[in-house]
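Enquirer:
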Amino acid sequence: MKSQEVIFIGTRSGLRLILDAEDNIENLKRALERRLHEAGGFYSGARVSVETRGAVVPPEWIEEVRSVLEDHGLLMEERSRDAATPGDEAPDPEANGSERGGAGQAQSLPGADTVMIRRSLRSGQSVSFDGNIVIMGDVNPGSEVCATGDILVFGSLRGVAYAGANGRQDARVVALRLMPTQLRIADRIARSPDGEVQAPLSPEAAFLRDGAIVIEPWTTH
Amino acid sequence: MSGTVIVVTSGKGGVGKTTATASIGAALAMMGPSVALIDADIGLRNLDLVLGLEGRIFHNLVDVVDGAVDAHKALIRHKDIKNLSLLPAAQSRDKTAVTPESMKAVADELKSTFDFVIIDCPAGIEQGFKNAVAGAEKAVVVTTPEMSAVRDADRIIGMLEHEGIADPWLIINRIRFDMVKKHDMLDVNDVLEHLKIKLLGVIPDDEAIIVATNKGVPVVVDEKSKAGRAFRDVAARIMGEDVPMAAAAEEEDWFTRIIRWFARARG
Chain U
432 MKSQEVIFIG
442 TRSGLRLILD
452 AEDNIENLKR
462 ALERRLHEAG
472 GFYSGARVSV
482 ETRGAVVPPE
492 WIEEVRSVLE
502 DHGLLMEERS
512 RDAATPGDEA
522 PDPEANGSER
532 GGAGQAQSLP
542 GADTVMIRRS
552 LRSGQSVSFD
562 GNIVIMGDVN
572 PGSEVCATGD
582 ILVFGSLRGV
592 AYAGANGRQD
602 ARVVALRLMP
612 TQLRIADRIA
622 RSPDGEVQAP
632 LSPEAAFLRD
642 GAIVIEPWTT
652 H
Chain X
188 MSGTVIVVTS
198 GKGGVGKTTA
208 TASIGAALAM
218 MGPSVALIDA
228 DIGLRNLDLV
238 LGLEGRIFHN
248 LVDVVDGAVD
258 AHKALIRHKD
268 IKNLSLLPAA
278 QSRDKTAVTP
288 ESMKAVADEL
298 KSTFDFVIID
308 CPAGIEQGFK
318 NAVAGAEKAV
328 VVTTPEMSAV
338 RDADRIIGML
348 EHEGIADPWL
358 IINRIRFDMV
368 KKHDMLDVND
378 VLEHLKIKLL
388 GVIPDDEAII
398 VATNKGVPVV
408 VDEKSKAGRA
418 FRDVAARIMG
428 EDVPMAAAAE
438 EEDWFTRIIR
448 WFARARG
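Chains as they are written, first to last, in the numbering used here: chain U, 432 to 652; chain X, 188 to 454.
Here it is in structure tokens:
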């Protein structure tokens, strides 16, 4: 019933292993052993990139995971970026209780440039991804979405959204109800007006025009 | 037999977790099922006081976790409500005296003989919270109609999901319909629109709660109290009864009340 501690995802460039960093290493190792055991050598010889979801993990954990993987004949890839210092361009996305879409490693994945999240983000949860993010749910106040590309929210966006996190000037934030606490696009920041905010009646898009963040009703042109 | 373990939690302090735990527990027990309450707020215990059982504490949760006494032996039977028992918190220790595993073991043991085991969770999102939710299958999230409490409830709902407790129930406590009507207070729909979980009950702000708490008599015993009635409705809904949200409806204003009073006087 508990959310999965270890998740394997197959991609064109190899296997991704996502660890729930809010668990402890003993549980993770046990879950990983179990998963590999169930797979019965299926993953043997595969190259695995290890990612973490949630808090920052100590380097010893990664070494422990490496030894488990190697015991089962898997090869762990050197990580493209030190996951112990993720989100240097992101506004503290690893807060906690977060579900990180694998920032840090994901840029090495050709084609996998949009992540789909089929639930709401609640206060304290955050997602960051090197690419676009689509959320089928609400983004509640106190949560954060950070993407190097566009952000699309099929629900109310009331938390903090950061599109174009690597500086992309053409990044957009679109939501059915766009009423964020704060919006960031590339190097620009806008915040919601003080006082009561009326809920918008139609979907809106935020983007940069002449160096300022503007919000307009969403149209397909 | 295997009972249901329910944790009552909120994130924010002072929204009425302990009152809700005591009231729901007492109301359920009065309807027939056997209920064990666990006070997981180690170091800041209150549940015994609210239930009027302070003087009867002999063993506590930490004694049980330490293995000094069996969980069933440590329980205190309520003096008036015979199906209600309490496992009190230790006052001289802190949250680190218990682990999530040991807490789960206690809850599992109690649910073998009780229909409901209700855990009063401490405020916060740290170890005390992790302990309290460890053995729970269901959760009741208590909030008040204030933005800060609603935000914290949102955070807690996310954390409950992470712990594998999906679809928690919501109680909106201390609502004042006169303020809602003047748009000075969030209404039920504002809160639901934000949190999007199942509403278990709306409890009106009621001075009877303060009186009941100080006297150590659960408010649900008070037939006349509006909050007491709302908590009895909550218990009925937990039992699976389909009770309409009476309290969520507009409270009568003085004018309707006078008309009704005249009507009754005439008839």
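Even glycine gets a Cβ: it sits at the ideal position worked out from N, Cα and C. Everything numeric in this text was worked out from a predicted model, so none of it was measured.
Quick check on U:Arg-553 - is its C-beta less than 7 Å from some C-beta in chain X?
Expert: Numbered from 1 along the first sequence, position 122 holds the residue referred to as residue 553 of chain U. At least one chain X Cβ lies under 7 Å of U:Arg-553.
Enquirer: Whose C-beta lies closer than 6 Å to the C-beta of U:Glu-494 among residues of the same chain, with five residues either side of it excluded?
Expert: Here the question's residue 494 of chain U lines up with position 63 in the first sequence. Closer than 6 Å at the Cβ level, and outside the excluded window around U:Glu-494, lies no residue.
Enquirer: Count the other C-beta atoms from every protein chain shown that fall within 10 angstroms of the C-beta of X:His-349, then say buried if there are 16 or more, exposed otherwise.
Expert: Within the second sequence, the letter at position 162 stands for residue 349 of chain X. Looking at its Cβ environment, which holds 16 or more other Cβ atoms inside 10 Å, X:His-349 is buried.
Enquirer: Evaluate contact between the region 265-278 of chain X and the region 196-205 of chain X, counting only Cβ atoms and requiring at least three cross-stretch pairs below 8 Å.
Expert: No, the region 265-278 of chain X is not in contact with the region 196-205 of chain X.
Enquirer: If you follow the alpha helix (DSSP H) that X:Lys-266 is in, where does it begin and where does it stop?
Expert: Along the second sequence, read from residue 1 onward, the residue named residue 266 of chain X stands at position 79. Counting along the chain, X:Lys-266 falls outside any alpha helix (DSSP H), and DSSP gives it neither H nor E.
Enquirer: Chain U partners of X:Ile-344, CB-CB under 9 Å?
Expert: Residue 344 of chain X sits at position 157 when you count from the first residue of the second sequence. Below the 9 Å Cβ cutoff, chain U contributes Arg-553 and Ser-554 as neighbours of X:Ile-344, in chain order.
Enquirer: Starting from X:Lys-383, find everything on chain U with Cβ-Cβ shorter than 8 Å and list it in chain order.
Expert: By one-based count along the second sequence, residue 383 of chain X stands at place 196. What X:Lys-383 touches in chain U: Ser-551 and Asp-569.
Enquirer: Roughly how far, in whole angstroms, is the beta-carbon of X:Asn-318 from the beta-carbon of X:Ala-227, given that I think they are within contact range, below 8 Å?
Expert: Numbered from its first residue, the second sequence carries residue 318 of chain X at position 131. Numbered from its first residue, the second sequence carries residue 227 of chain X at position 40. Going by Cβ atoms, the distance from X:Asn-318 to X:Ala-227 rounds to 6 Å, so yes, they are a contact pair.
Enquirer: Rounded to whole angstroms, what's the CA-CA distance from U:Arg-603 to U:Ser-574? Just pull it up for me.
Expert: Against the first sequence, residue 603 of chain U aligns to sequence position 172. Against the first sequence, residue 574 of chain U aligns to sequence position 143. Their Cα atoms are separated by approximately 18 Å.
Enquirer: Is the shortest distance between the beta-carbon of X:Asp-295 and the beta-carbons of chain U less than 7 Å?
Expert: Taking the first residue of the second sequence as 1, we reach residue 295 of chain X at position 108. Taking Cβ atoms only, chain U never reaches closer than 7 Å to X:Asp-295, which makes this a no.
Enquirer: Determine the DSSP secondary structure at X:Lys-351, reduced to helix, strand or coil.
Expert: On the second sequence, position 164 is the one that residue 351 of chain X refers to. With the sequence shown as reference, residue 351 of chain X is identified as Gly, and Lys is not the correct amino acid for it. Three-state DSSP puts X:Gly-351 in coil, outside helix and strand.
Enquirer: Just how far apart, CA to CA, sit X:Val-293 and U:Gln-600?
Expert: By one-based count along the second sequence, residue 293 of chain X stands at place 106. By one-based count along the first sequence, residue 600 of chain U stands at place 169. So the alpha carbons of these two residues sit roughly 56 Å apart.
Enquirer: Under three-state DSSP, which class holds X:Lys-385?
Expert: Counted from its first residue, the second sequence places residue 385 of chain X at position 198. Reduced to three states, the DSSP call for X:Lys-385 is strand.
Enquirer: Can you pull the chain X residues whose beta carbon is under 7 Å from the beta carbon of U:Pro-572, in chain order?
Expert: Taking the first sequence and counting its residues from 1, one reaches residue 572 of chain U at position 141. Chain X residues near U:Pro-572: Arg-338.
Enquirer: Roughly how many angstroms separate the alpha carbons of U:Gly-595 and U:Val-605, rounded to a whole number?
Expert: Looking up residue 595 of chain U in the first sequence gives position 164. Looking up residue 605 of chain U in the first sequence gives position 174. Cα-Cα distance, rounded: 13 Å.
Enquirer: With burial defined as no fewer than 16 other Cβ atoms inside 10 Å of the residue's Cβ, what is the status of X:Asn-360: buried or exposed?
Expert: On the second sequence, position 173 is the one that residue 360 of chain X refers to. X:Asn-360 is buried by the Cβ-count criterion.
Enquirer: If you run the structure through DSSP and keep just helix, strand and coil, what is U:Leu-632?
Expert: Stepping through the first sequence from its first residue, residue 632 of chain U is reached at position 201. It is coil, neither helix nor strand.
Enquirer: Could you name the residues of the region 451-471 of chain U whose beta carbon sits closer than 8 Å to any beta carbon of chain X, in the order they occur along the chain?
Expert: Within the region 451-471 of chain U, the residues whose Cβ lies closer than 8 Å to any Cβ of chain X are, in chain order, Glu-453.
Enquirer: So the candidates are U:Leu-448, U:Glu-482, U:Leu-500 and U:Glu-453; which of them puts its Cα closest to the Cα of U:Gly-472?
Expert: Residue 472 of chain U sits at position 41 when you count from the first residue of the first sequence. Checked all of U:Leu-448, U:Glu-482, U:Leu-500 and U:Glu-453; the closest Cα to U:Gly-472 is U:Leu-500.
Enquirer: Take U:Glu-647 and list the residues in its own chain whose beta-carbon comes closer than 7 Å to its own, dropping the five residues that flank it on each side.
Expert: As a first step, residue 647 of chain U is located in the first sequence; it is residue number 216 there, counting from the start. So the qualifying residues of the chain are Glu-635 and Ala-636.
Enquirer: Can you tell me whether U:Gln-600 is helix, strand or coil according to DSSP?
Expert: As a position in the first sequence, residue 600 of chain U is number 169, starting the count at 1. U:Gln-600: coil per DSSP, three-state reduction.
Enquirer: Which complete beta strand (DSSP E) runs does the region 267-317 of chain X hold, if anything under 3 residues is left out?
Expert: 271-274 and 303-307
Enquirer: Among the candidates X:Asp-302, X:Phe-303 and X:Asn-233, whose CA atom is the shortest distance from the CA of X:Lys-402?
Expert: Against the second sequence, residue 402 of chain X aligns to sequence position 215. Out of X:Asp-302, X:Phe-303 and X:Asn-233, X:Asn-233 has the C-alpha closest to the C-alpha of X:Lys-402.
Enquirer: Considering only the alpha carbon of each residue, which of X:Gly-254, X:Phe-245, X:Val-249 and X:Glu-296 lies closest to X:Met-188?
Expert: Taking the second sequence and counting its residues from 1, the one referred to as residue 188 of chain X is at position 1. Ranking the options by Cα distance to X:Met-188, first place goes to X:Glu-296.
Enquirer: On the DSSP bridge list, what partners appear for U:Arg-478?
Expert: By 1-based counting over the first sequence, the position of residue 478 of chain U is 47. Answer by DSSP bridge pairing, in chain order: U:Leu-506.
Enquirer: Find out if the Cβ-Cβ distance for the pair X:Val-407, X:Ala-216 is shorter than 7 Å.
Expert: Counting from 1 along the second sequence, the entry for residue 407 of chain X is found at position 220. Counting from 1 along the second sequence, the entry for residue 216 of chain X is found at position 29. No, Cβ-Cβ distance for X:Val-407 and X:Ala-216 is not below 7 Å.
Enquirer: Would you call X:Met-346 buried or exposed, if buried means 16 or more other Cβ atoms sit within 10 Å of its Cβ?
Expert: The count along the second sequence starts at 1 and reaches residue 346 of chain X at position 159. When all chains shown are included, X:Met-346 counts as buried.
Enquirer: Whole angstroms is fine: what's the gap from U:Glu-436's alpha carbon to U:Glu-453's?
Expert: For the purposes of this step, residue 436 of chain U is taken as the residue at position 5 of the first sequence. For the purposes of this step, residue 453 of chain U is taken as the residue at position 22 of the first sequence. Cα-Cα distance, rounded: 9 Å.
Enquirer: Quick one: does X:Asp-341 have its CB under 7 Å from some CB of chain U?
Expert: As a first step, residue 341 of chain X is located in the second sequence; it is residue number 154 there, counting from the start. Chain U contact via Cβ: present.
Enquirer: List the endpoints of the continuous beta strand (DSSP E) containing X:Asp-393.
Expert: Numbered from its first residue, the second sequence carries residue 393 of chain X at position 206. X:Asp-393 -> no beta strand (DSSP E), and no H or E assigned at all.
Enquirer: Going by beta-carbon coordinates alone, are X:Ser-221 and X:Phe-316 separated by less than 7 Å?
Expert: Numbered from its first residue, the second sequence carries residue 221 of chain X at position 34. Numbered from its first residue, the second sequence carries residue 316 of chain X at position 129. No; because the gap between Cβ atoms is not below 7 Å, this pair is not in contact.
Enquirer: Just list the residues that DSSP pairs X:Leu-224 with in beta bridges.
Expert: Translated into positions along the second sequence, residue 224 of chain X becomes position 37. Paired residues: X:Leu-273 and X:Ile-305.
Enquirer: Taking the alpha carbon of X:Pro-405 as the reference point, which residue from X:Ser-210, X:Lys-383 and X:Asp-365 has its own alpha carbon closest?
Expert: Numbered from 1 along the second sequence, position 218 holds the residue referred to as residue 405 of chain X. When each option's Cα is compared against that of X:Pro-405, the closest is X:Ser-210.
Enquirer: Near U:Ser-475, what residues of its chain come up, given a Cβ to Cβ distance below 8 Å and the 5 sequence neighbours on each side ignored?
Expert: Here residue 475 of chain U corresponds to residue number 44 of the first sequence, with the count starting at 1. His-503, Gly-504 and Leu-505.
Enquirer: Over the uninterrupted alpha helix (DSSP H) stretch that includes U:Asn-458, give me the two end residues.
Expert: For the purposes of this step, residue 458 of chain U is taken as residue 27 along the first sequence, with counting starting at 1. Unbroken alpha helix (DSSP H) run through U:Asn-458: 456-470.
Enquirer: So, X:Ala-321 versus X:Lys-368, is the Cβ gap smaller than 7 Å?
Expert: Indexing the second sequence from 1 puts residue 321 of chain X at position 134. Indexing the second sequence from 1 puts residue 368 of chain X at position 181. No, these two residues do not count as a Cβ contact at 7 Å.
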